[in-house]
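Engineer: Residue numbers (our numbering), protein chains in the order written: chain P, 586 to 705; chain S, 586 to 705.
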DNA sequence: ACTAGATATGTCGGCAGGCGATATATAAGG
DNA sequence: CCTTATATATCGCCTGCCGACATATCTAGT
């Protein structure tokens, strides 16, 4: 189905939630960028997809802010990978963002589903 | 207090969800712009707030797309109000957006709350 | 050996959408 | 009277995701 409007809106929903997703993945353990994006796609059953133009600048920003640290993983006979690890600060940041997400989610539910007299 | 970062992130979360909120309010019945914004604030316990710069252009856009219709309500001794009503098309659109929101919400939960059972 | 596709990292301009600032006007309350 | 809340409206700014592009290696099929 070539529903472009649908795709555009889904992309807009992602806005503001990219950081929390990456941090949440790294809570499981260290991973490199491409693997993070793959894991997000896998866990969400392809509902959420990270583009390169979103992923890498985001990782750089999160590192700049001290929420994650990176290290080049050089293995002979393999491509170099930049492996990211969640910092203490990042773990705390994740908690805050999870809280913020939950309260936003609750607020949304209260508005869009808050009416008892519905009609179909 | 003075958590500006928090506010900024909350504002970003709203992005892409303004339309669904307005349509959801109008499902209850016709209302004018200012009342719609007030109702959203009330239902969400002030967690979500619409700015004028967001509200009115959005209403015009929704009307342009045929999801709502408007009528000037002129009552003697009262200020003129532009009252908006949800159309059939708007009702259908709302259903679609609710579905989209639910699937996005579910996807988010699967990623950020996913239990780490295995590692690649 | 050659080719294609998945893997892997990165940059940059474009663009859409919410917000701040601003303008205008009336009703209500102190 | 004067401030505040109500009520509608416009416009330029800014932020953040995306498309397109660049580069390079590993794997699999022919």
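Using N, Cα and C, we set each Cβ at its ideal position, and we do this for glycine too.
Taking the alpha-carbon of residue 620(P) as reference, which of 666(P), 681(P) and 694(P) has the nearest alpha-carbon?
Structural biologist: 666(P)
Engineer: Going by beta-carbon coordinates alone, are residue 633(S) and residue 607(S) separated by less than 8 angstroms?
Structural biologist: In this structure, residue 633(S) sits away from residue 607(S), with a CB-CB distance that is not shorter than 8 angstroms.
Engineer: Distance, Cα to Cα, residue 625(P) vs residue 599(P)?
Structural biologist: 12 angstroms
Engineer: Just verifying my parser: in three-state terms, what is the DSSP assignment at residue 647(P)?
Structural biologist: helix
Engineer: Can a CB atom of chain S be found closer than 8 angstroms to the CB of residue 706(P)?
Structural biologist: In the structure as shown, chain P starts at 586 and stops at 705, and residue 706(P) therefore has no counterpart that could be examined.
Engineer: According to the Cβ coordinates, are residue 696(P) and residue 628(S) closer than 8 angstroms?
Structural biologist: yes
Engineer: Output, in chain order, the set of chain P residues within a Cβ distance shorter than 9 angstroms of residue 637(S).
Structural biologist: Those within 9 angstroms of residue 637(S) in chain P number zero; the least Cβ separation is about 19 angstroms.
Engineer: Would you decide whether residue 603(S) is buried or exposed? Buried here means 16 or more other CB atoms lie within 10 Å of its CB.
Structural biologist: buried
Engineer: Report the option in 661(S), 636(S), 673(S) and 686(S) whose CA atom is closest to the CA atom of residue 653(S).
Structural biologist: 673(S)
Engineer: Give a yes or no on whether 8 angstroms exceeds the smallest Cβ distance from residue 632(S) to chain P.
Structural biologist: yes
Engineer: Could you check what DSSP says for residue 634(P) in three-state terms: helix, strand or coil?
Structural biologist: coil
Engineer: Between residue 651(S) and residue 618(P), what straight-line distance do the alpha-carbon atoms span, to the nearest angstrom?
Structural biologist: 42 angstroms
Engineer: With 16 other CB atoms within 10 Å as the buried threshold, where does residue 686(P) fall?
Structural biologist: buried
Engineer: List, in order along the chain, the chain S residues whose C-beta lies closer than 7 angstroms to that of residue 680(P)?
Structural biologist: Correct list: empty, because the minimum Cβ distance to chain S is about 11 angstroms.
Engineer: Mark residue 702(P) as exposed unless 16 or more other C-beta atoms lie within 10 angstroms of its C-beta, in which case mark it buried.
Structural biologist: Confidence at residue 702(P) is low in this model, with a pLDDT of 43, below 50, so the placement of that residue should be treated as unreliable; the coordinate-derived value is given next. Looking at its Cβ environment, which holds fewer than 16 other Cβ atoms inside 10 Å, residue 702(P) is exposed.
Engineer: Should residue 669(P) and residue 593(P) be called a contact, given that it needs their Cβ atoms to be closer than 8 angstroms?
Structural biologist: no
Engineer: So residue 666(S) is in the beta strand (DSSP E); what residue range does that whole segment cover?
Structural biologist: 666-671
Engineer: In chain S, what lies closer than 8 angstroms to residue 688(P) by C-beta?
Structural biologist: Chain S residues near residue 688(P): 632.
Engineer: Under 8 angstroms Cβ-Cβ, which residues of chain P neighbour residue 605(S)?
Structural biologist: Those are 697, listed as they occur along chain P.
Engineer: Look at the alpha carbon of residue 587(P) and the alpha carbon of residue 649(P), and state the distance between them as a whole number of angstroms.
Structural biologist: For residue 587(P), the predicted structure reports a pLDDT of 47, less than 50, and the residue's modelled location is therefore unreliable. A value from the coordinates is still provided. Approximately 38 angstroms between the Cα atoms of the pair.
Engineer: Among the residues of its own chain, which have a CB less than 6 angstroms from the CB of residue 656(S), if the five just before and after it don't count?
Structural biologist: So the list reads 668, once near-sequence residues are dropped.
Engineer: My output table needs one value for residue 653(S): the three-state DSSP class, helix, strand or coil.
Structural biologist: strand
Engineer: Taking 8 angstroms as the CB-CB limit, is residue 645(S) close to chain P?
Structural biologist: It does not: the Cβ of residue 645(S) has no partner Cβ on chain P nearer than 8 angstroms.
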